[in-house]
Amino acid sequence: MQGGVLKQKASPALGSRITVWLLGRVGIEGTMSYAPSNLTTTDATDYYPGPHSAHLITRTAKLVVRVNPAGHNTVFQAGGGVGRVGYRGAAYCGGAAPCDPYLRADVMTFPSKIVTAGAAFRPRRSVALRVDAEDYLFSASFSCRNGGHCPGVCFSGTPYTPKRQNDFVVSLGVAPRNRVASCACKEFRRHTPGPLMLLSIVVAHK
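Taking the numbering used here, the leading residue of the sequence shown gets 20, the next gets one more, and so forth.
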(Lines of atoms letter the chains of each structure in order from A and count residues from 1; the text may use other names and numbers.)
(Lines give C-alpha, C1' and ligand atoms only; values in the text may rest on other atoms or scores of the structure.)
Protein backbone atom coordinates (compact mmCIF):
# COMPACT_ATOMS: atom_id res chain seq x y z
CA MET A 1 0.00 0.00 0.00
CA GLN A 2 1.52 3.30 -1.06
CA GLY A 3 2.04 5.11 2.24
CA GLY A 4 -0.88 3.33 3.86
CA VAL A 5 -1.06 1.10 6.91
CA LEU A 6 -3.05 -2.10 7.37
CA LYS A 7 -4.32 -2.92 10.84
CA GLN A 8 -5.64 -6.17 12.31
CA LYS A 9 -9.13 -5.69 13.75
CA ALA A 10 -9.94 -6.62 17.34
CA SER A 11 -11.69 -9.98 17.52
CA PRO A 12 -13.12 -12.54 19.96
CA ALA A 13 -11.12 -15.76 20.12
CA LEU A 14 -11.52 -19.33 21.30
CA GLY A 15 -8.74 -21.16 23.11
CA SER A 16 -7.66 -23.46 25.92
CA ARG A 17 -5.20 -23.29 28.77
CA ILE A 18 -3.44 -25.98 30.82
CA THR A 19 -1.71 -25.00 34.06
CA VAL A 20 0.31 -27.36 36.26
CA TRP A 21 1.25 -26.01 39.68
CA LEU A 22 4.55 -27.29 41.00
CA LEU A 23 5.90 -27.03 44.56
CA GLY A 24 5.14 -23.74 46.26
CA ARG A 25 3.66 -20.92 44.22
CA VAL A 26 5.36 -21.66 40.90
CA GLY A 27 3.66 -23.27 37.92
CA ILE A 28 4.03 -23.86 34.21
CA GLU A 29 1.32 -23.03 31.71
CA GLY A 30 0.55 -23.57 28.04
CA THR A 31 -2.13 -21.92 25.91
CA MET A 32 -3.50 -22.08 22.38
CA SER A 33 -6.03 -19.76 20.76
CA TYR A 34 -7.67 -18.99 17.42
CA ALA A 35 -9.04 -15.55 16.55
CA PRO A 36 -11.03 -14.96 13.35
CA SER A 37 -10.31 -11.42 12.21
CA ASN A 38 -10.04 -9.03 9.28
CA LEU A 39 -7.72 -6.33 8.01
CA THR A 40 -8.67 -2.68 7.80
CA THR A 41 -6.87 0.52 6.80
CA THR A 42 -5.95 3.23 9.29
CA ASP A 43 -6.93 5.96 6.82
CA ALA A 44 -10.23 6.01 4.94
CA THR A 45 -8.46 7.46 1.89
CA ASP A 46 -6.11 4.47 1.60
CA TYR A 47 -6.97 1.96 -1.10
CA TYR A 48 -6.79 -1.73 -0.24
CA PRO A 49 -8.65 -4.05 -2.65
CA GLY A 50 -8.64 -7.04 -0.30
CA PRO A 51 -9.07 -9.82 0.54
CA HIS A 52 -9.64 -8.84 4.17
CA SER A 53 -9.93 -12.24 5.90
CA ALA A 54 -6.97 -12.58 8.30
CA HIS A 55 -7.10 -14.84 11.36
CA LEU A 56 -4.53 -15.32 14.13
CA ILE A 57 -3.26 -18.47 15.85
CA THR A 58 -1.22 -18.22 19.05
CA ARG A 59 0.69 -20.78 21.14
CA THR A 60 2.49 -20.00 24.40
CA ALA A 61 4.59 -21.57 27.15
CA LYS A 62 4.91 -19.57 30.36
CA LEU A 63 6.21 -19.64 33.91
CA VAL A 64 3.61 -18.29 36.37
CA VAL A 65 3.92 -17.35 40.03
CA ARG A 66 1.13 -16.92 42.59
CA VAL A 67 1.37 -13.60 44.42
CA ASN A 68 -0.63 -14.81 47.44
CA PRO A 69 -1.35 -18.30 48.86
CA ALA A 70 -3.59 -20.68 46.91
CA GLY A 71 -5.99 -21.08 49.84
CA HIS A 72 -7.42 -17.58 49.40
CA ASN A 73 -10.74 -17.09 47.62
CA THR A 74 -9.00 -14.69 45.21
CA VAL A 75 -5.50 -15.60 44.06
CA PHE A 76 -3.39 -13.21 41.99
CA GLN A 77 -0.62 -14.38 39.68
CA ALA A 78 1.92 -13.02 37.21
CA GLY A 79 4.40 -14.50 34.79
CA GLY A 80 6.14 -14.47 31.46
CA GLY A 81 7.31 -16.72 28.70
CA VAL A 82 7.59 -17.25 24.98
CA GLY A 83 5.19 -18.06 22.19
CA ARG A 84 4.44 -17.95 18.49
CA VAL A 85 1.95 -15.74 16.66
CA GLY A 86 0.75 -17.03 13.30
CA TYR A 87 -1.08 -14.94 10.70
CA ARG A 88 -3.31 -16.86 8.30
CA GLY A 89 -6.25 -16.26 6.00
CA ALA A 90 -6.69 -15.04 2.45
CA ALA A 91 -5.10 -11.64 3.16
CA TYR A 92 -1.76 -13.27 3.98
CA CYS A 93 -2.12 -16.16 1.52
CA GLY A 94 -2.32 -14.27 -1.78
CA GLY A 95 -6.11 -14.50 -1.83
CA ALA A 96 -5.99 -18.29 -2.03
CA ALA A 97 -7.27 -21.06 0.22
CA PRO A 98 -5.13 -22.97 1.00
CA CYS A 99 -2.16 -20.62 0.77
CA ASP A 100 -0.65 -20.04 -2.65
CA PRO A 101 3.08 -20.85 -2.26
CA TYR A 102 4.06 -18.14 -4.77
CA LEU A 103 1.70 -15.29 -3.81
CA ARG A 104 1.65 -15.50 -0.02
CA ALA A 105 3.75 -13.53 2.45
CA ASP A 106 7.14 -15.19 2.87
CA VAL A 107 7.00 -15.50 6.69
CA MET A 108 3.66 -15.60 8.53
CA THR A 109 4.61 -16.96 11.99
CA PHE A 110 6.75 -14.96 14.42
CA PRO A 111 8.35 -15.72 17.82
CA SER A 112 7.06 -13.58 20.67
CA LYS A 113 7.84 -12.64 24.25
CA ILE A 114 4.86 -12.70 26.60
CA VAL A 115 4.04 -10.89 29.84
CA THR A 116 0.94 -11.98 31.76
CA ALA A 117 -1.02 -11.11 34.91
CA GLY A 118 -4.32 -12.38 36.22
CA ALA A 119 -6.47 -13.60 39.06
CA ALA A 120 -8.45 -16.72 39.98
CA PHE A 121 -11.74 -16.50 41.89
CA ARG A 122 -13.32 -19.46 43.67
CA PRO A 123 -17.13 -19.21 43.77
CA ARG A 124 -17.12 -22.92 44.69
CA ARG A 125 -14.49 -25.22 46.17
CA SER A 126 -14.19 -27.32 43.00
CA VAL A 127 -14.29 -24.50 40.42
CA ALA A 128 -12.18 -21.41 39.80
CA LEU A 129 -12.86 -18.52 37.42
CA ARG A 130 -9.73 -17.20 35.68
CA VAL A 131 -9.29 -13.67 34.35
CA ASP A 132 -5.97 -12.98 32.61
CA ALA A 133 -4.33 -10.27 30.53
CA GLU A 134 -1.45 -11.14 28.19
CA ASP A 135 0.80 -8.86 26.18
CA TYR A 136 2.53 -10.33 23.11
CA LEU A 137 5.70 -8.41 22.18
CA PHE A 138 7.33 -9.26 18.87
CA SER A 139 8.59 -7.94 15.56
CA ALA A 140 6.89 -8.82 12.27
CA SER A 141 7.84 -8.24 8.66
CA PHE A 142 5.65 -9.43 5.79
CA SER A 143 7.97 -9.74 2.81
CA CYS A 144 6.45 -11.00 -0.43
CA ARG A 145 7.72 -14.06 -2.26
CA ASN A 146 6.98 -12.74 -5.75
CA GLY A 147 7.89 -9.08 -5.11
CA GLY A 148 4.31 -7.90 -4.65
CA HIS A 149 1.42 -7.06 -6.99
CA CYS A 150 -0.80 -9.91 -5.85
CA PRO A 151 -3.98 -10.21 -3.76
CA GLY A 152 -3.69 -9.51 -0.03
CA VAL A 153 -0.97 -7.78 1.97
CA CYS A 154 1.53 -8.16 -0.88
CA PHE A 155 -0.51 -6.34 -3.52
CA SER A 156 1.41 -3.02 -3.50
CA GLY A 157 4.89 -4.30 -4.29
CA THR A 158 6.44 -1.88 -1.76
CA PRO A 159 9.20 -3.00 0.66
CA TYR A 160 8.20 -4.16 4.15
CA THR A 161 10.40 -3.37 7.14
CA PRO A 162 10.14 -5.08 10.55
CA LYS A 163 7.57 -3.42 12.79
CA ARG A 164 7.23 -3.73 16.53
CA GLN A 165 3.95 -5.44 17.41
CA ASN A 166 2.01 -5.21 20.66
CA ASP A 167 -0.89 -7.70 20.73
CA PHE A 168 -3.05 -7.59 23.86
CA VAL A 169 -5.29 -10.50 24.89
CA VAL A 170 -7.84 -10.55 27.73
CA SER A 171 -9.27 -13.96 28.62
CA LEU A 172 -12.00 -15.37 30.84
CA GLY A 173 -12.12 -19.07 31.63
CA VAL A 174 -13.41 -21.77 33.98
CA ALA A 175 -10.85 -24.00 35.72
CA PRO A 176 -11.85 -27.26 37.45
CA ARG A 177 -9.72 -27.80 40.56
CA ASN A 178 -8.79 -31.47 41.03
CA ARG A 179 -6.67 -32.76 43.88
CA VAL A 180 -4.20 -35.25 42.44
CA ALA A 181 -2.00 -35.97 45.46
CA SER A 182 -1.31 -34.94 49.02
CA CYS A 183 1.74 -35.36 51.19
CA ALA A 184 2.75 -33.91 54.57
CA CYS A 185 -0.40 -31.75 54.57
CA LYS A 186 0.64 -30.03 51.34
CA GLU A 187 -1.72 -30.44 48.43
CA PHE A 188 -0.47 -30.68 44.88
CA ARG A 189 -3.18 -29.48 42.52
CA ARG A 190 -3.48 -29.69 38.77
CA HIS A 191 -5.53 -27.01 37.02
CA THR A 192 -6.87 -27.95 33.61
CA PRO A 193 -9.20 -25.14 32.48
CA GLY A 194 -11.76 -25.82 29.79
CA PRO A 195 -12.24 -23.69 26.67
CA LEU A 196 -11.63 -19.99 27.19
CA MET A 197 -13.36 -17.09 25.50
CA LEU A 198 -10.68 -14.53 24.66
CA LEU A 199 -10.84 -10.94 23.49
CA SER A 200 -7.94 -10.21 21.18
CA ILE A 201 -6.94 -6.58 20.64
CA VAL A 202 -4.11 -5.99 18.20
CA VAL A 203 -2.43 -2.60 18.42
CA ALA A 204 -0.34 -0.97 15.68
CA HIS A 205 -0.21 -4.01 13.42
CA LYS A 206 1.32 -3.13 10.05
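We put the CB at the ideal spot given by N, CA and C, even for glycine. The structure presented is a predicted model; accordingly, all values stated were derived computationally and were not measured.
Does the distance from the C-beta atom of residue i to that of residue j stay below 7 angstroms?
i	j	result
S131	V104	yes
A74	R44	The question names Ala, yet the displayed sequence has His at residue 74. No, Cβ-Cβ distance for H74 and R44 is not below 7 angstroms.
G98	T135	yes
A138	T93	yes
E153	V101	no
A110	L42	no
So residue i and residue j are supposed to be a Cβ contact under 8 angstroms. How far apart are they, rounded?
i	j	result
P55	S30	6 angstroms
L82	I47	6 angstroms
F157	Q184	5 angstroms
T77	G49	Actually they do not touch by this definition, with Cβ atoms about 11 angstroms apart.
Grab the span of the beta strand (DSSP E) containing residue i for me, first residue to last.
i	result
S52	45 to 54
G137	128 to 143
G34	30 to 40
S72	Element bounds for S72: n/a, residue is neither H nor E.
A159	146 to 159
In the DSSP output, which residue or residues are listed as bridge partners for residue i?
i	result
A80	G49, V101
N92	BP columns for N92 are empty, so no partner.
Here's a check: name, in chain order, each residue in its chain whose Cβ is nearer than 6 angstroms to the Cβ of residue i, leaving out the five neighbours to either side.
i	result
F140	T93, L148
C202	Per-residue confidence for C202 stands at a pLDDT of 35, beneath the threshold of 50, marking its modelled position as unreliable; the derived number appears in the next sentence. Same-chain partners within the cutoff: there are none.
S52	A32, G34, T77, L217
F129	V104, F157, A159
Would you say the beta carbon of residue i is closer than 6 angstroms to some non-hydrogen atom of the ligand NAD?
i	result
V134	Summarising the ligand content, the structure contains no ligands, and the ligand NAD is consequently not present.
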